[in-house]
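Residue numbers (the numbering used here), protein chains in the order written: chain A, 149 to 479; chain B, 149 to 479.
Ideal Cβ positions, reconstructed from N, Cα and C, are used throughout, including at glycine.
2 protein chains.
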Amino acid sequence: MANIREVAKRAGVSVATVSRVLNNSDLVSEETRERVLKAIKELNYHPNLLGRNLRRLKTKMVLALMPNVSNPFYARVVKGIEDVAHKNGYNVMLCNTDSDPEREKAYLDLLKNKLADGVILMASVMGKDELTLLAKNYPVVQCCEYIEGAGASYVSIDNFSAAYKAVKHLINLGLRRIALITCKNDFISTRQRETGYRKALEDANIEFDENLIKYGDYSFKSGMRAARQLLSLEEKPTAIFAISDIMAIGAIKALKEEGFKVPEDVAVVGFDDISFASMYDPALTTVSQPKYDLGCIAMEVLLKHIEGELEDPQRIFLEHELVIRESTVKY
Amino acid sequence: MANIREVAKRAGVSVATVSRVLNNSDLVSEETRERVLKAIKELNYHPNLLGRNLRRLKTKMVLALMPNVSNPFYARVVKGIEDVAHKNGYNVMLCNTDSDPEREKAYLDLLKNKLADGVILMASVMGKDELTLLAKNYPVVQCCEYIEGAGASYVSIDNFSAAYKAVKHLINLGLRRIALITCKNDFISTRQRETGYRKALEDANIEFDENLIKYGDYSFKSGMRAARQLLSLEEKPTAIFAISDIMAIGAIKALKEEGFKVPEDVAVVGFDDISFASMYDPALTTVSQPKYDLGCIAMEVLLKHIEGELEDPQRIFLEHELVIRESTVKY
DNA sequence: GCCTCCTATGTAACAGATTACATAATATTT
DNA sequence: AAATATTATGTAATCTGTTACATAGGAGGC
Chain A
149 MANIREVAKR AGVSVATVSR VLNNSDLVSE ETRERVLKAI KELNYHPNLL
199 GRNLRRLKTK MVLALMPNVS NPFYARVVKG IEDVAHKNGY NVMLCNTDSD
249 PEREKAYLDL LKNKLADGVI LMASVMGKDE LTLLAKNYPV VQCCEYIEGA
299 GASYVSIDNF SAAYKAVKHL INLGLRRIAL ITCKNDFIST RQRETGYRKA
349 LEDANIEFDE NLIKYGDYSF KSGMRAARQL LSLEEKPTAI FAISDIMAIG
399 AIKALKEEGF KVPEDVAVVG FDDISFASMY DPALTTVSQP KYDLGCIAME
449 VLLKHIEGEL EDPQRIFLEH ELVIRESTVK Y
Chain B
149 MANIREVAKR AGVSVATVSR VLNNSDLVSE ETRERVLKAI KELNYHPNLL
199 GRNLRRLKTK MVLALMPNVS NPFYARVVKG IEDVAHKNGY NVMLCNTDSD
249 PEREKAYLDL LKNKLADGVI LMASVMGKDE LTLLAKNYPV VQCCEYIEGA
299 GASYVSIDNF SAAYKAVKHL INLGLRRIAL ITCKNDFIST RQRETGYRKA
349 LEDANIEFDE NLIKYGDYSF KSGMRAARQL LSLEEKPTAI FAISDIMAIG
399 AIKALKEEGF KVPEDVAVVG FDDISFASMY DPALTTVSQP KYDLGCIAME
449 VLLKHIEGEL EDPQRIFLEH ELVIRESTVK Y
């Protein structure tokens, strides 16, 4: 495989000149430039970026860590990240962590070992102290899920008011026995959505009922299970708010299997507006996050951190929207 | 940021010794090793892999190119790729090409520029000549979709017999007016699934009807559209075989909206067995590919190419399975 | 006691690019 | 015409870690 020296020799110039041509320096005469380009073509030369990156101590590569790349929610976020990255000459390395701290660490080593210039964390399983240390030494941006006060920037939505709005919508439909399907974890989205649910009930003078809270793990099956538990209650719910679309869809499937009609017997609201939400039958009412923009802005903030234009951590919240579909309102 | 020289100085040894410790060479005395490890810890030293990779001309990184990382079909394949890669000390860089030749080229430049040691192509949009050239110069494995005769290894399934089996299943249910929802593209899976469909009809002495073939683009909406077109026919189909689950699900949604029952009025079979296939209502009968194994084996073959243990291109076919669910058989 | 072998360690070349600095050639100013 | 500025190019240091080769010191054999 040809290297810069061979190109230089063939073009009858020094390696410096070849490098200048490669980097579009205007300190090269037109005639020389053409000779060099010809040599590059003839040798089918591709510069070895390991050499370049080593010299520059930059890779123009960023990591995007998430539990699962194929999670339909993150799909759009990733698209935003990539579009902004590419526009700025950066590549994105997508990383499945499977929510496994070991895997997450392994990927962060790529950052520490200088194979990437920065990282975007989505639903990281890192602790606050670890994150603080990481953010002090490397460019880091949290996206969607975040830890407050670790000195790391984040871009997210106001999960509290989004959940509040979703439950308010059910209340406005005249429903009062509203169940919650949530998860047992420490994500800020979980905590805030639960709080929003409670506050909406409280503001409507609906008494909070412990029995109406069931737990899942974001999976379809766990949504079905939670719904069945709710149906086994003496006083069954007339509405369900699930903190993720997949669990909401699982709940609907279980409801239908048990002979309940959605939305007539039980109305269901999800969260995230993944693409399947609108495909399902009935189409799912859900909270739509500006997924693409979340990705774009997270990447923009990361770029600023990388290029040193930003010292202080940013806290950015984007707007959300309640999308009303068949699972709560019969047309 | 500390480098190997500072570690060496602090430990009172040469850089070579530090390097030996880093690479677990057994040519280091226990006492020295401990001194070096102590210095590494104290300086919070992380070796710069750009230096190492440059010297070794290896990155232990492979690319996995696919139209869309979030496509639920590829999700499992990717998992297989990653598991095998990690087990062998490699990292995987997932790349969304959006089926855009430019994007694909940009990612392949990472290979040519030595930032990756090899590539796995899923549903590449490259032409045969390009692929031939690529495979001649770099380790390449095609996974799922492939081009025959380009001198590049591939791992896939027998799409012809899978489609044949799917349609045969419909015929065995006594259905004879069987429609096909396919795509207008040149993928081998598309061509072979169409051929399998035709052969199954032919073997059952069912006359082929041009009107029963409709085209989509793998999207949910295109599946709905195709189903509506089929329903507008004089002689409506009693069964639909779609070459992708998403289009099959779209078709079911449209059928239900038009008041048709699935499977009573129209039976539907998909292809791929994405996770949503079993979540849908009705759960979708579909062809299951060994997605995880496809990924594993593709990666194993790629590793052999990278490590030079394999010169000749491999052609590997794995087993598939027809999974019968509610969309064709009422329980 | 001398020679050989082995182990532990060090020195320096090397991977492939970029770039500060030096220099030569040419153009411009005075 | 001399002095200065500008442009084009080259030389060599540099980025960081790996590794071939050299070397020192000790063990063991004769």
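query: Since B/V106 and B/A399 are thought to touch, with beta carbons under 8 angstroms apart, how far apart are those beta carbons, to the nearest angstrom?
result: Residue 106 of chain B cannot be examined here, being either before or after the span of chain B that is shown, 149 to 479.
message: Assuming contact is defined by CB atoms lying nearer than 7 angstroms, are B/V471 and B/S436 in contact in what I supplied?
response: yes
query: Counting pairs of beta carbons, one from the segment 239–256 of chain B and one from the segment 460–476 of chain B, are three or more of them closer than 8 angstroms?
result: no
message: Please tell me whether B/N172 has its Cβ less than 7 angstroms away from any Cβ of chain A.
response: no
query: A/V184 versus chain B: which residues are under 8 angstroms apart at the beta carbon?
result: Per Cβ cutoff of 8 angstroms: no residues; A/V184 is ~18 angstroms from chain B at best.
message: With the cut-off set at 7 angstroms, would you say A/E393 and A/D365 are in Cβ contact?
response: The residue asked about is misnamed: residue 393 of chain A is Asp in this sequence, not Glu. No; because the gap between Cβ atoms is not below 7 angstroms, this pair is not in contact.
- request: Kindly list the residues whose CB is nearer than 8 angstroms to the CB of B/E252, restricted to its own chain and excluding five residues on each side of it in sequence; keep chain order.
  value: L213, T245, S272, V273 and M274
query: Taking Cβ-Cβ distances shorter than 8 angstroms, what residues in chain B pair up with A/I397?
result: M427
field: Whole runs of the alpha helix (DSSP H) within the segment 258–311 of chain B, excluding any shorter than 4 residues
entry: 276–285
- prompt: Which value, in whole angstroms, describes the spacing of the CA atoms of B/M395 and B/R346?
  reply: 19 angstroms
task: Out of A/S309, A/L279 and A/M427, state which residue places its alpha-carbon closest to the alpha-carbon of A/G297.
output: A/L279
query: Would DSSP call A/N216 helix, strand or coil?
result: coil
- prompt: Closest by CA to B/V217, which one among A/A150, A/P195, A/I329 and A/M241?
  reply: A/M241
- request: Identify, in the order they occur along the chain, each residue of the same chain with its Cβ nearer than 8 angstroms to the Cβ of A/G237, setting aside the five sequence neighbours on each side.
  value: K208
message: Quick check: the Cα distance between A/K362 and A/E412, rounded to an integer number of angstroms?
response: 21 angstroms
query: Does the beta carbon of B/A387 sit closer than 7 angstroms to a beta carbon anywhere in chain A?
result: no
message: Is there a Cβ of chain B sitting closer than 7 angstroms to that of A/A156, yes or no?
response: no
- request: Give the residues of chain B in contact with A/K260, contact being defined as C-beta atoms less than 8 angstroms apart.
  value: H194
- prompt: Under the three-state reduction of DSSP, which class applies to A/E350: helix, strand or coil?
  reply: helix
query: Grouping DSSP H, G and I as helix and E and B as strand, with all else coil, what is A/Y193?
result: coil
task: Return yes when the Cβ of B/I454 is within less than 7 angstroms of the Cβ of B/D265, no when it is not.
output: yes
query: When we look at the beta-carbon of B/S177 and count the other beta-carbons within 10 Å, is it buried (16 or more) or exposed?
result: exposed
- request: Check whether the segment 281–289 of chain B touches the segment 314–328 of chain B, taking contact to mean three or more Cβ pairs, one atom from each stretch, closer than 8 angstroms.
  value: no
message: Using CA atoms only, rank isn't needed, just tell me which of A/I326, A/V166 and A/L197 is closest to B/L202.
response: A/L197
- prompt: What does DSSP give as the partner residues of B/F419 in its beta bridges?
  reply: B/V435
query: Counting pairs of Cβ atoms below 8 angstroms between the segment 221–239 of chain B and the segment 176–195 of chain B, do you hit three or more?
result: no
field: Residue environment, A/A164, which counts as buried when at least 16 other CB atoms sit within 10 Å
entry: exposed
- prompt: Shortest alpha-carbon distance to A/C91 belongs to which of A/A390, A/D257, A/V315 and A/R183?
  reply: One cannot answer for residue 91 of chain A here, as it falls past the ends of chain A, which runs 149 to 479.
query: With distances taken from CA atoms, which of B/E179, B/T338, B/A352 and B/L403 is nearest B/Q377?
result: B/L403
- prompt: Which term fits A/S380, buried or exposed, when burial requires 16 or more other beta carbons within 10 angstroms of its beta carbon?
  reply: exposed
message: For A/P385 and A/Y294, I'd like the C-alpha separation in whole angstroms.
response: 32 angstroms
Three-state secondary structure (DSSP) of A/R473: coil
- prompt: How close, in whole Å, do the beta carbons of B/V225 and B/C331 come, if the pair is a contact with beta carbons under 8 angstroms?
  reply: Not a contact, Cβ separation roughly 19 angstroms.
message: Looking at chain A, is there any beta carbon in it that lies within less than 7 angstroms of the beta carbon of B/F424?
response: yes
message: Contact criterion: CB-CB distance below 7 angstroms. Does B/L201 meet it with respect to chain A?
response: The residue asked about is misnamed: residue 201 of chain B is Asn in this sequence, not Leu. Output row for B/N201: interface = yes.
query: By Cβ distance below 8 angstroms, which residues in the same chain neighbour B/L263 in space, the five residues on each side in sequence not counted?
result: T207 and M209
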